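Each residue of the sequence shown is one higher than the one before, counting from 3 in our numbering.
Heads up, the beta-carbon is just placed ideally off N, CA and C, and yes, glycines get one too.
All values reported here derive from a predicted model rather than from experimental measurement.
Contents: one structure, followed by commentary.
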Amino acid sequence: MKRLWNSFKIAFAMYSKIPMPKADWEKENMRYMMCFFPLIGIVIGAVMTGWSYAADWLQAGENLRGAVYVLIPVAVTGGIHLDGLLDTADALSSYQPRERKLEILKDSHAGAFAVIAACCYFLTSFGIWSELDRHQVLVLAGGFVLSRAMSGLAVASFPCAKTTGTLAMFSDALQERVVMFCLYVLLFLAAGTMCVLDPKLGTAAVVGGWLMFFLYFRMSMKQFGGITGDLAGFFVQMCELVMAVCVWIAARL
Numbered sequence: 003m004k005r006l007w008n009s010f011k012i013a014f015a016m017y018s019k020i021p022m023p024k025a026d027w028e029k030e031n032m033r034y035m036m037c038f039f040p041l042i043g044i045v046i047g048a049v050m051t052g053w054s055y056a057a058d059w060l061q062a063g064e065n066l067r068g069a070v071y072v073l074i075p076v077a078v079t080g081g082i083h084l085d086g087l088l089d090t091a092d093a094l095s096s097y098q099p100r101e102r103k104l105e106i107l108k109d110s111h112a113g114a115f116a117v118i119a120a121c122c123y124f125l126t127s128f129g130i131w132s133e134l135d136r137h138q139v140l141v142l143a144g145g146f147v148l149s150r151a152m153s154g155l156a157v158a159s160f161p162c163a164k165t166t167g168t169l170a171m172f173s174d175a176l177q178e179r180v181v182m183f184c185l186y187v188l189l190f191l192a193a194g195t196m197c198v199l200d201p202k203l204g205t206a207a208v209v210g211g212w213l214m215f216f217l218y219f220r221m222s223m224k225q226f227g228g229i230t231g232d233l234a235g236f237f238v239q240m241c242e243l244v245m246a247v248c249v250w251i252a253a254r255l
């Protein structure tokens with residue numbers, strides 16, 4: 003139990019800004035970390051749902067609703083996945099050989115394409131979330147669990163592009179069978195809940211998430227020879243945006 007508790011604390015300390023008791027970042031304590039990674043999505047989904055009700059009570063306009071929806075995941079996670087999105091944008095836009103792209107991912111400086119990607123991402127997210135009603139937001143709340151469960155499965159099963167780095171360390175420390183079982187359970191629970199809440203919208207979101215998952219694998223292998231922590235962040239951000247777009251489209255069909 004102590005090992006599981008440490009894995010829980012490390013997952014939340016690494017991937018959220020939620021205060022956690024101190025944990026020893028040792029290999030033994032990271033074995034089951036990815037099992038708890040999707041639980042951060044539950045927190046985000048709960049806050050998003052809470053804001054949807056609060057916005058109705060406050061009679062907030064569409065712009066304010068959309069802005070807060072976009073900012074909630076950033077506030078909960080501290081923007082750790084956004085960092086991966088921007089680094090990946092810089093690397094892909096460089097059109098350099100694979101080794102150079104991996105170096106760009108590690109560069110702490112934001113290039114011009116990272117800034118462009120950030121502006122495009124936030125504008126698109128703001129536009130989509132401003133268009134969604136409370137029921138659609140409730141369906142998408144499960145998507146924050148789904149995206150993280152998929153990301154965890156990629157860490158447990160996809161090749162790593164580098165033998166060093168945070169992701170490689172976590173992947174090496176994972177107890178693969180237990181972690182993948184837990185992630186599949188959370189994945190199907192999230193997808194099932196979304197589809198039960200609304201079969202059409204939930205199915206559209208889940209299909210969009212899986213499509214992004216396969217595109218993520220193809221891009222990572224072709225461009226980088228595997229995944230890294232930055233690519234994992236890229237996937238989480240893009241998966242959540244794609245699911246929101248799919249729900250918006252499905253609601254109008």
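In the structure shown, Ile20 adopts coil according to DSSP, grouped into three states. Runs of alpha helix (DSSP H) with 4 or more residues, each lying fully within the segment 144-213, are found at 145-159, 168-175 and 178-199, listed in chain order.
Annotation: Gly235 to Leu87 spans about 6 angstroms, alpha carbon to alpha carbon. Distances from the CA of Gly68 to each of Leu185, Leu213, Trp53 and Gly80 were compared; the closest alpha carbon is that of Trp53. Shortest Cα-Cα distance from Gly227 to any of Tyr123, Cys241, His83 and Arg102 involves Arg102.
Fewer than three beta-carbon pairs drawn from the segment 125-137 and the segment 179-188 are found closer than 8 angstroms, and the two stretches are therefore not classed as touching. If the five residues before and after Gly47 are omitted, its C-beta is found closer than 7 angstroms to the C-beta atoms of Ala143, Gly144, Phe146 and Val147, all from its own chain and listed in chain order.
By the C-beta criterion, the segment 203-211 is judged to be in contact with the segment 242-253, since at least 3 inter-stretch pairs fall below 8 angstroms. Non-local beta-carbon contacts of Gly80 in its own chain, meaning distances under 6 angstroms to residues more than five positions away in sequence, involve Lys19 in chain order.
Judged by beta-carbon spacing, Val141 lies within the 7 angstroms limit of Leu199, meaning their Cβ atoms are closer than that value. Less than 7 angstroms separates the beta-carbon of Ala116 from that of Ala91. Note on Lys11: 16 or more other CB atoms within 10 angstroms of its CB, so buried under the neighbour-count rule. Counting other Cβ atoms within 10 Å of its Cβ, Pro75 reaches 16 or more and is therefore classed as buried. For His111, there is no enclosing alpha helix (DSSP H), since its DSSP letter is neither H nor E. Distance from the CA of Ile42 to the CA of Tyr17, rounded to the nearest whole angstrom, comes to 8 angstroms. Taking 3 residues as the shortest admissible run, the segment 76-144 contains no complete beta strand (DSSP E) segment at all. Contact between Gln98 and Ala253 does not hold, since their C-beta atoms are separated by about 41 angstroms, which reaches or exceeds 8 angstroms. Inter-residue distance for Ala158 and Glu178 is about 6 angstroms (C-alpha atoms, whole angstroms). In its chain, beyond the 5 residues on either side, Phe39, Pro40, Ile42, Gly43 and Val238 have a beta carbon closer than 7 angstroms to the beta carbon of Arg150. Spanning the alpha carbons of Gly129 and Cys37 requires a straight line of approximately 33 angstroms. For Thr51, the enclosing alpha helix (DSSP H) has its first and last residue at Leu41 to Leu60.
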